[in-house]
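Okay, so here's the structure we're looking at.
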Amino acid sequence: MDKEILKKVYDLAKIKHINYLNEETSNISKSIIENINKRQECELFQYLNHLTYEQNLMILAITYIGRGDCNEKFNKNKDVKDIYEFMLNYVRDTFPNNEVTISQIYGKASLDEYLKKGFELLEIKI
Numbered sequence: 077m078d079k080e081i082l083k084k085v086y087d088l089a090k091i092k093h094i095n096y097l098n099e100e101t102s103n104i105s106k107s108i109i110e111n112i113n114k115r116q117e118c119e120l121f122q123y124l125n126h127l128t129y130e131q132n133l134m135i136l137a138i139t140y141i142g143r144g145d146c147n148e149k150f151n152k153n154k155d156v157k158d159i160y161e162f163m164l165n166y167v168r169d170t171f172p173n174n175e176v177t178i179s180q181i182y183g184k185a186s187l188d189e190y191l192k193k194g195f196e197l198l199e200i201k202i
């Protein structure tokens, strides 16, 4: 796993999530903040588009693990490598191309939280 990529996506996702949570601002600063938010969100989208399909599958697999899609597997099997491989194969079979995979990643408002939990479950130090 490429930890540099994971850290960059996590950092950009955190900014996007904070911006999403802070939508309620004063009218004076709202337009300035909206412009900043759009640029930062665009940076995440552009970064994901810069990555390969396999790299985006890695991000999506960790996202789904962090979201709780493998909780039952974690309870039955503590081998994190097997769980990761299972989820990686699942997302590869489910999302056939990079465009759809990016859409799935980018559409998660809590992407940063899912990634953080996925890192913890998979014992990835970022």
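Following our numbering, the numbering of the sequence shown begins with 77 at its first residue and continues without gaps. For glycine and all other residues, C-beta sits at the position ideal for the given N, C-alpha and C. No experiment lies behind these values; they were computed from the predicted model shown.
Margin query: Excluding the 5 residues flanking Tyr190 on each side, which residues of the same chain have their C-beta closer than 7 Å to its C-beta?
Written below: Indexing the sequence shown from 1 puts residue 190 at position 114. Cβ neighbours of Tyr190 within its own chain (closer than 7 Å, five residues either side excluded): Thr139, Gly142, Arg143, Lys184.
Next item on the list: Would you decide whether Ile104 is buried or exposed? Buried here means 16 or more other CB atoms lie within 10 Å of its CB.
Entry: Within the sequence shown, residue 104 is the residue found at index 28, counting from 1. The predicted model places Ile104 with a pLDDT of 45, which falls under 50 and marks its position as unreliable, so this point remains unresolved.
Margin query: Going by DSSP in three states, Ile202 sits in which element: helix, strand or coil?
Written below: Translated into the one-based positions of the sequence shown, residue 202 becomes position 126. Note: Ile202 maps to coil in three-state DSSP.
Next item on the list: Would you check if the stretch 152 to 159 and the stretch 127 to 134 touch, i.e. whether three or more CB-CB distances between them fall below 8 Å?
Entry: Touching, no, given that fewer than three Cβ pairs across the two stretches are closer than 8 Å.
Margin query: I'd like to check one pair, Tyr182 with Leu88: are the Cβ atoms closer than 8 Å?
Written below: To locate residue 88, count along the sequence shown from 1; it is residue 12. To locate residue 182, count along the sequence shown from 1; it is residue 106. With respect to Tyr182, Leu88 sits apart: the two C-beta atoms are not nearer than 8 Å.
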